[in-house]
Structure formats: C-alpha cells, structure tokens
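The sequence shown begins at 369 in my numbering and counts up one residue at a time. First the structure, in the form of structure tokens, and then the observations on it.
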Amino acid sequence: MTPPPLADTHCHLQDPKIAARAETLVARAREAGVTFILVCGYDLPSSEQALRLAERFPEVWAAVGIHPHDARTFGPGSVAELEGLARHEKCVAIGEIGLDFYRELSPRAVQREALEAQLQLATELGLPVSIHSRGAEDAIGAHLERYAVAANALRAQGRPLGVMHCFGGDVAQAERYAELGFLISIACTIGYPKNERARDVARRLPLDVLVAETDAPYLPPQWARGQLNEPANVRAAVEGIAEARGISFADAAARTTANAGRLFAPAETPLAAREP
C-alpha cells in the first residue's frame with residue numbers, strides 16, 4: 369500500500385550531525401511517504417547549504433534566515449545577503465527566525481532587531497516565515513502583529529503568513545497566533561509522556577491550522593530518544609496529532625500535508641496539488 373503523503377515542515381539536513389548522510393535520509397523519507405521536506409537555515413552559511421540541498425533533491429525546499437541564537441552575527445549587510453538567497457527558485461520561506469529568551473545566546477535587543485529586519489524582508493518578498501519562539505511566546509506577539517498587518521501579498525493569495533515552528537506554548541497562545549494567520553507546527557515530541565501541552569494544542573486547535581515537523585536532527589520521537597532524528601520520522605508527529613484528535617492517521621496526514629501546501633507551495637512543489 370502506498371503511504372499517505374507527508375510533509376516535514378522544518379528540519380536541518382545541513383546540520384553537521386547528519387549532513388554527510390543527507391542522500392540516505394532523503395531516500396528513507398521518500399520511502400516513508402514524505403513528499404516535501406523544508407530545510408531551514410539558521411545563519412547565512414547554513415541558509416546557503418539549505419539551498420544546495422534543495423538543488424540536489426526534488427522533494428527538498430529551503431528557508432533562509434538567521435536564528436535568534438545567531439542574531440549576534442547579524443550585521444549591516446545581512447539583509448542584502450539573505451535577500452540574494454531568498455530569491456532562489458527553491459526558497460519558499462524566511463526562517464528560522466524569532467526570539468529565544470530561554471537560552472538567550474544573543475542579547476534580547478539584538479534578537480529583536482534581527483527579527484524585525486527579517487520580517488520586513490519576508491514582507492517585501494511575499495514569503496511566509498518560520499518562527500522560533502522559546503521563552504518568548506508573549507514577547508514575540510507584538511512583532512508578529514506588525515508583520516501580520518504588513519503581509520499583504522500573502523493575504524491577497526489566501527495563504528497563511530507563517531508557521532510557529534515546534535510550538536511549545538499553550539492553547540491560548542496558539543489560538544492568538546492562529547488568529548493572526550499563522551499555522552501551528554507539531555513536532556515528534558508530542559509523543560513524550562509529559563508533553564500533555566502539545567497534545568492539548570493538537571486536540572483543541574482547528575485541524576486546518578496544524579502542520580507537522582521533525583526539527584531533525586533534534587527532538588526524535590519517544591521510541592528513538594537518544595538517537596538523531598530524521599525527516600522520515602515526521603510520521604510520529606502526524607500519529608500524535610491523529611491520536612490526540614481521535615481521527616485516522618490517513619486523515620491527519622492528508623490535512624497536515626494540505627496545510628503545508630497552502631503555506632509553502634509554489635506551483636512547482638509536490639504539495640501544490642495536495643488539497644484534500
């Protein structure tokens with residue numbers, strides 16, 4: 369039986385932990401039914417590497433951006449360099465960008481400045497964003513509200529404005545982001561015994577705002593804890609959504625893949641024809 373099509377909306381195949389195995393991991397994902405893999409940059413070099421991977425594999429697409437941990441590297445020329453990368457035909461988003469007040473590896477003011485500049489770039493290019501928010505679920509709200517007002521090109525196309533990557537907030541916060549026009553991404557960690565918050569979000573948010581991701585090589589499923597994650601394991605995130613909602617895996621797969629298509633899919637991607 370052909371597995372239902374799946375979409376991994378956030379991973380880092382260019383990460384040194386797994387980069388040498390990229391071809392094998394993409395093949396394994398393909399066998400598992402994954403038809404779309406978004407490789408997200410976290411600084412300028414990794415963003416360029418994401419594009420190189422997207423050039424190699426038809427199911428791989430890229431997002432380019434500077435992660436809040438690396439915001440301290442953001443300089444006067446960063447926006448121009450990102451814009452050059454973002455105009456690549458296989459770039460479908462700006463990301464991974466956002467705020468991280470949990471580890472705070474870059475000063476908060478610097479994180480905010482880098483985020484604002486990259487949101488502005490996304491607005492100018494008409495691209496959605498992949499948002500990292502840790503320990504900053506409320507603080508990031510003002511930035512996203514301004515972006516939501518400005519993102520006219522995406523709204524005109526009836527597309528979501530972005531995705532809250534590996535969402536770790538509560539239902540009220542998720543609902544706030546969904547009202548702004550963002551999708552909520554559920555990771556493989558939904559299956560962790562103590563992660564009732566993720567299961568609650570997956571259960572109570574409308575299904576049409578949910579997508580799935582692996583964040584590979586990080587955050588493996590419960591049964592693979594201690595191992596490196598990979599895009600093929602996005603099935604675990606979709607299974608978690610299905611179990612939380614009491615629906616079939618096939619239904620959860622079809623809807624989350626279609627949602628990813630609304631967010632990321634230009635006509636050339638395999639997601640473009642996946643509306644259920």
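Virtual Cβ for every residue (Gly too), placed ideally from N, Cα, C.
Asked	Found
Strictly by DSSP, which residues pair up with H533?	Its beta-bridge partners do not exist; DSSP assigns none.
For the alpha helix (DSSP H) that contains G509, what are its first and last residues?	G509 to A518
Check whether the Cβ atoms of S553 and V531 sit closer than 8 Å, and answer yes or no.	yes
Please identify the residue among T377, P373, A542 and K458 whose C-alpha is closest to the C-alpha of E581.	T377
So Y515 packs on L529, CB below 8 Å; how close in whole Å?	7 Å
In the DSSP output, which residue or residues are listed as bridge partners for A485?	Bridge partners of A485: none, in fact.
Do you know how far the Cα of D411 is from the Cα of W429?	16 Å
In whole angstroms, what separates the C-alpha of E399 from that of A626?	19 Å
Please give me, in chain order, every unbroken run of the beta strand (DSSP E) with length at least 3 that falls completely inside the region 373-432.	374-379, 402-408 and 428-432
Under a three-way DSSP split, which group does E457 fall into?	coil
Return yes when the Cβ of G503 is within less than 8 Å of the Cβ of H465, no when it is not.	Strictly speaking, residue 465 in this sequence is Ile, with His absent from that position. Cβ distance not < 8 Å, so I465 and G503 don't count as in contact.
Using CA coordinates, which residue listed in A524, D576 and N601 is at the minimum distance from L559?	A quick correction: the sequence has Gly, not Leu, at residue 559. The shortest C-alpha separation from G559 is found at N601.
Contact between the region 419-427 and the region 468-488: three or more CB pairs below 8 Å?	no
What number of angstroms, rounded off, separates the C-alpha of A620 from the C-alpha of A584?	21 Å
Return helix, strand or coil for A439, following the three-state DSSP convention.	helix
With three or more beta-carbon pairs closer than 8 Å as the criterion, would you say the region 596-610 touches the region 376-391?	yes
Would you mind stating whether F442 and V478 have Cβ atoms separated by less than 8 Å?	yes
From R567, R396 and A519, pick the residue whose C-alpha is nearest to that of L578; which is it?	R567
Kindly indicate which three-state DSSP category L573 falls into: helix, strand or coil?	coil
What is the rounded straight-line gap between the Cα of Y586 and the Cα of A555?	10 Å
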